[in-house]
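Reviewing the structure listed below.
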Amino acid sequence: MIWVTFTSNGTITNYNTFNGIIRSRIEQIINNYLDNLLKVYKQIKRKKTQFLKIICDKGLHIL
13 MIWVTFTSNG TITNYNTFNG IIRSRIEQII NNYLDNLLKV YKQIKRKKTQ
63 FLKIICDKGL HIL
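In my numbering, the protein residues as written are 13 to 75.
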């Protein structure tokens, strides 16, 4: 829903402000999502490295 208010001379006042608020909110949501995705990726990468290190260590002991 978009609210539009007109001043006495007929110009739109709130439309751009409202659009700006929605745009900044969408950008904020996308940025948060990307930040979280990056954190998860880093955690997975770290765990994968630890997992491979454990496999290598155990593998060397088995050999």
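Virtual Cβ for every residue (Gly too), placed ideally from N, Cα, C.
| Asked | Found |
| --- | --- |
| Ile-38 versus Leu-46 - alpha carbon distance | 12 Å |
| Alpha carbon of Ile-56 to alpha carbon of Ile-66, nearest angstrom | 15 Å |
| CB contact below 8 Å: Asp-69 versus chain D | The question asks about chain D, but that chain is absent: this structure has only one protein chain. |
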